[in-house]
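At position 53 of the sequence shown the residue is numbered 699 (this note's numbering), and the sequence of numbers has no breaks. This report refers to the structure that appears directly beneath it.
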Amino acid sequence: MKKIMQTAPCRFCGQMVQFEGDSDLTDPQKQETATMTCTCPEAVEYQKEKQRKEKALKNVSVLFGEDAAPEKRIGEGIVSILRAAVEEIYSGGLAKVTLNLRGGR
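Below is the structure:
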């Protein structure tokens, strides 16, 4: 896909941000890219929160999912519960989650 110069507003401060992106980006994708590039305090906090969430989801995969050592992997249903819990924690629905797995893992 060809990259072109794009502009879009930060979703927090409204400042127009210029960036290089694919020519077929939708308006919401442009706004997300602008927000992830903006340096206003709200956008910076959003960027940090998004990075923490992505790291938490990656940790679920590395510790228990498809990226875990074969002896550490657990069922996909439980991995799905953990991923859903991460989503809920970062959306504000949950504060923390504790799961006790059979077999002491």
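We put the CB at the ideal spot given by N, CA and C, even for glycine.
Residues Thr653 and Pro655 of the same chain have their beta carbon placed closer than 6 Å to that of Met662, with the five preceding and five following residues left out of the count. Of the residues Ala714, Val706, Leu745 and Leu747, the one whose Cα lies closest to the Cα of Arg729 is Val706.
In this structure the stretch 682-690 does not touch the stretch 705-724; the number of beta carbon pairs closer than 8 Å is below three.
Where Pro655 is concerned, the enclosing beta strand (DSSP E) starts and stops at Lys649 to Pro655.
Sixteen is the threshold: when 16 or more other Cβ atoms of the shown chains lie within 10 Å of the Cβ of Ala680, as they do, the residue is buried. When beta bridges are read from the DSSP output, Met682 appears opposite no residue. Judged by DSSP secondary structure, Gly723 falls within the alpha helix (DSSP H) whose first and last residues are Glu722 to Ser737. The beta carbons of Gly667 and Lys649 sit closer together than 8 Å.
Beta-bridge analysis with DSSP links Phe665 to Gln652.
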